[in-house]
Amino acid sequence: MNEFEREMQEYIEKYARDNCAGDIEEAKRHMLVKIVAAEKENKDV
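For what it's worth, my numbering labels the leading residue of the sequence shown as 1236, then goes sequentially.
Structural data, given as structure tokens:
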């Protein structure tokens, strides 16, 4: 697992805890939305 993957895993776990999601799949979807949004912003620059 590289540093990026480790950070993503930590983010997923933190999101699940912070939002009492208990649903890792929901946390992954939330994370992917943020990644896509960040990529779109970077392409605009």
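Beta carbons are placed, not taken as given, at the ideal position from N, Cα and C, and that holds for glycine.
- Counting other Cβ atoms within 10 Å of its Cβ, residue 1272 stays below 16 and is therefore classed as exposed.
- If you check the CB distance, residue 1266 and residue 1243 come in under 8 Å.
- Distance from the CA atom of residue 1245 to the CA atom of residue 1268, rounded to whole angstroms, is 16 Å.
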